[in-house]
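Note sheet for the following structure.
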Amino acid sequence: AQSVTQLDSHVSVSEGTPVLLRCNYSSSYSPSLFWYVQHPNKGLQLLLKYTSAATLVKGINGFEAEFKKSETSFHLTKPSAHMSDAAEYFCVVNNAGNMLTFGGGTRLMVKP
Amino acid sequence: GAVVSQHPSRVICKSGTSVKIECRSLDFQATTMFWYRQFPKKSLMLMATSNEGSKATYEQGVEKDKFLINHASLTLSTLTVTSAHPEDSSFYICSARALGTEAFFGQGTRLTVV
């Protein structure tokens with residue numbers, strides 16, 4: 128069985144400050160891990176993915192995430208938040224097979 | 019990345035009527051398509067998985083007679099909400115993947131049943 132826990136349902140940062148969105152997973156196998164972003168009333172956009180290559184993954188819009196097997200974590204970070212980063216973020220795990228398991232989501236708010 | 023197009027993006031229908039949502043993979047052949055439902059302030063809930071040419075596999079608690087899924091070709095899957103009621107109002111998202119690749123998501127469909 129696999130599961131994903133996003134530790135914060137809401138994160139609020141000031142523009143220009145770092146962003147940290149936390150994700151822990153459990154998986155019976157070596158998983159693939161993803162971060163998706165969803166802007167209001169929009170579909171899901173892939174930010175980045177980990178598929179057993181480099182543990183530090185760089186994605187679009189300056190986001191990156193580090194896969195830490197010992198901690199079963201895949202936290203998403205960005206050095207400097209922008210107003211346009213305000214959205215809902217989902218951590219997703221995919222074992223071998225078709226099943227994608229979504230975390231509960233983290234709403235990121237960016238204050239001017 | 020690959021493109022998945024979902025149509026319509028918004029639909030309003032009267033209670034008791036049926037509504038069809040289309041999900042198309044525009045530049046790849048989708049061997050598997052997924053349908054998700056998103057409740058307000060909640061994560062996505064997988065409703066069903068469909069493989070081209072075979073019956074969809076529904077998740078526990080999803081009524082297969084109410085949410086009809088057809089995956090007739092490698093580029094098109096449809097979700098039909100039959101006899102819709104206000105509690106069916108939600109955001110529905112499809113995703114599609116080719117064999118051995120990641121899943122790509124459609125833009126989603128906001129269904130409002132009045």
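Protein chains in written order, with the numbering used here: chain A, 128 to 239; chain B, 19 to 132.
For every residue, glycine included, the Cβ atom is placed at its ideal position computed from N, Cα and C.
Exercise. Does DSSP put E70 (chain B) in a helix, in a strand, or in coil?
Worked result: Within the second sequence, numbered from 1, the residue matching residue 70 (chain B) stands at position 52. In this structure, E70 (chain B) counts as coil in the three-state DSSP scheme.
For this session: Please decide whether K169 (chain A) counts as near chain B, where near means a Cβ-Cβ distance under 8 Å.
Result: Mapped onto the first sequence, residue 169 (chain A) falls at position 42. Yes, K169 (chain A) lies at the interface with chain B (some Cβ there is under 8 Å from its Cβ).
Problem set entry | The beta strand (DSSP E) enclosing S139 (chain A), as first and last residue numbers | Your numbering for residue 139 (chain A) matches position 12 in the first sequence. Run containing S139 (chain A): H137 to S141, per the beta strand (DSSP E) assignment.
For this session: Would you verify that the beta carbon of S61 (chain B) is, or is not, closer than 8 Å to some beta carbon of chain A?
Result: In the second sequence, counting from the first residue as 1, residue 61 (chain B) sits at position 43. For S61 (chain B), the answer is yes, since a Cβ of chain A falls inside 8 Å of its Cβ.
For this session: State the DSSP-derived secondary structure class of S108 (chain B), mapped to helix, strand or coil.
Result: Locating residue 108 (chain B) in the second sequence gives position 90, counting from the first residue. Here S108 (chain B) sits in strand by DSSP.
Exercise. For S207 (chain A), which three-state DSSP category applies?
Worked result: For this step, residue 207 (chain A) is matched to residue 80 along the first sequence. In this structure, S207 (chain A) counts as coil in the three-state DSSP scheme.
Exercise. How about F123 (chain B): is its C-beta nearer than 8 Å to some C-beta of chain A?
Worked result: As a position in the second sequence, residue 123 (chain B) is number 105, starting the count at 1. It does: the Cβ of F123 (chain B) has a partner Cβ on chain A nearer than 8 Å.
Exercise. Three or more C-beta pairs closer than 8 Å, one from the stretch 84-103 of chain B and one from the stretch 213-220 of chain A: is that the case here?
Worked result: no
Exercise. Straight-line CA distance for M51 (chain B) to N69 (chain B)?
Worked result: Counting from one through the second sequence, the residue named residue 51 (chain B) turns up at place 33. Counting from one through the second sequence, the residue named residue 69 (chain B) turns up at place 51. For M51 (chain B) and N69 (chain B), the distance between alpha carbons rounds to 6 Å.
For this session: With distances taken Cα to Cα, identify the nearest neighbour of C41 (chain B) among A:G170, A:L203 and A:L227.
Result: Numbered from its first residue, the second sequence carries residue 41 (chain B) at position 23. Closest by alpha carbon: A:G170.
For this session: Name the one or two DSSP bridge partners that E193 (chain A) has.
Result: If you number the first sequence from 1, residue 193 (chain A) lands on position 66. The partner list for E193 (chain A) (beta bridge, DSSP) reads A:L183 and A:H202.
Problem set entry | Exposed unless 16 or more other CB atoms sit within 10 angstroms - verdict on R28 (chain B) | Position 10 of the second sequence, counted from the first residue, corresponds to residue 28 (chain B). Exposed, by the Cβ-count rule.
Exercise. Where are the beta strand (DSSP E) runs, 3 residues long or more, that stay fully inside the stretch 23-95 of chain B, in chain order?
Worked result: 28-31, 37-43, 50-56, 62-69 and 85-91
Exercise. Going along the chain, which residues of its own chain have a beta-carbon closer than 7 Å to the beta-carbon of E77 (chain B), five neighbours each way excluded?
Worked result: Taking the first residue of the second sequence as 1, we reach residue 77 (chain B) at position 59. Closer than 7 Å at Cβ, skipping near neighbours: L64, M65 and A66.
Exercise. Are the C-beta atoms of F229 (chain A) and some chain B residue less than 8 Å apart?
Worked result: Here residue 229 (chain A) is taken as the residue at index 102 of the first sequence, counted from 1. Judged by the 8 Å Cβ criterion, F229 (chain A) is in contact with chain B.
Exercise. What number of angstroms, rounded off, separates the C-alpha of P167 (chain A) from the C-alpha of E215 (chain A)?
Worked result: Within the first sequence, numbered from 1, the residue matching residue 167 (chain A) stands at position 40. Within the first sequence, numbered from 1, the residue matching residue 215 (chain A) stands at position 88. Those two C-alpha atoms are separated by around 8 Å.
Problem set entry | Rounded straight-line distance, which links the Cα of C150 (chain A) to that of L235 (chain A) | In the first sequence, residue 235 (chain A) corresponds to position 108, counting from 1. In the first sequence, residue 150 (chain A) corresponds to position 23, counting from 1. Answer to the nearest angstrom: the Cα atoms are 14 Å apart.
Exercise. Which residues in the same chain have their Cβ closer than 6 Å to the Cβ of S200 (chain A), if we skip the five residues on either side of it in sequence?
Worked result: Residue 200 (chain A) sits at position 73 when you count from the first residue of the first sequence. Correct list, in chain order: N151.
Problem set entry | Y163 (chain A) classed as buried or exposed, judged by whether at least 16 other C-beta atoms fall within 10 angstroms | Mapped onto the first sequence, residue 163 (chain A) falls at position 36. Buried, by the Cβ-count rule.
Exercise. In whole angstroms, what separates the C-alpha of K196 (chain A) from that of Y156 (chain A)?
Worked result: Here residue 196 (chain A) is taken as the residue at index 69 of the first sequence, counted from 1. Here residue 156 (chain A) is taken as the residue at index 29 of the first sequence, counted from 1. Approximately 11 Å, taken between the alpha carbons.
Problem set entry | Spatial neighbours of S108 (chain B) in its chain, beta-carbon cut-off 7 Å, leaving aside the 5 residues before and after | For this step, residue 108 (chain B) is matched to residue 90 along the second sequence. So the qualifying residues of the chain are R55, Q56, F57 and L129.
Exercise. Which one of A:P239, A:F229 and A:K238 has the shortest CA to CA distance from T132 (chain A)?
Worked result: Position 5 of the first sequence holds residue 132 (chain A). When only C-alpha atoms are compared, the closest one is A:F229.
Problem set entry | Any C-beta of chain B under 8 Å from that of K176 (chain A) | On the first sequence, position 49 is the one that residue 176 (chain A) refers to. Yes, K176 (chain A) lies at the interface with chain B (some Cβ there is under 8 Å from its Cβ).
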